[in-house]
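Structure, as structure tokens:
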Amino acid sequence: MIDTPTSPILVDRQLNMPGMEPGRVVDASSRRFEGPGGVESASPDQAAFLKQMAGRLGADPTDARAGTPEGLARLGAERMVSTALIEPLVREARESSASTGMFAPGPGEKRFGHLMDRSIADSIVASPGFGGVVSIERRLLERINISLGIHESSGAQVSGSTEERS
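Residue 59 is where the sequence shown starts when you use the numbering used here, and the numbers rise one by one after that.
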């Protein structure tokens, strides 16, 4: 007798299960579930999906914020601003102020300096008073809600996520 696997089979990073065939259209209006924060959503395991995405962004998947669309939007906005804007500035400041001779950076600083730059950039962006993240967070939240099929009033959740950080 041949045993069949009971867990979902992952093929090329795609979920391959019965009912998930390519080209199959699911009527999402027939099944609605209560999502995080009392918001209607189209899938019962959104929190698991959002936590997986947060893990890909480098966050702790066990963090309670990572399982909500608002938390994922905030995290994505922070990572985007940190990586694209702040980290290059911190790196340039570190490299331009490097001394020569006896005070020159050692092999450890040369090899791991970029990790310190990333840490400093992340802490700058995560500070509650940093306003560059809010507009990107709002746009990401709109996109996440559209892709997850969440219906809510516009902008209600973004203001709550920024007040948490204060």
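Don't be surprised by glycine CBs; every beta carbon is placed ideally from N, CA and C.
With fewer than 16 other CB atoms across the displayed protein chains lying within 10 angstroms of its CB, D103 is exposed. If you keep only unbroken alpha helix (DSSP H) runs of at least 4 residues inside the region 124-199, you get 127-139, 145-154, 165-184. Ranked by Cα distance from F170, the first of A142, R149, F161, K109 is R149. Distance between S157 and L143, taken at the CA atoms: about 25 Å. I204 counts as exposed, since fewer than 16 other beta carbons sit within 10 angstroms of its beta carbon. Taken through DSSP and simplified to helix, strand or coil, G116 comes out as coil. Between D175 and E145, the C-beta gap is smaller than 8 Å, which places the two residues in contact.
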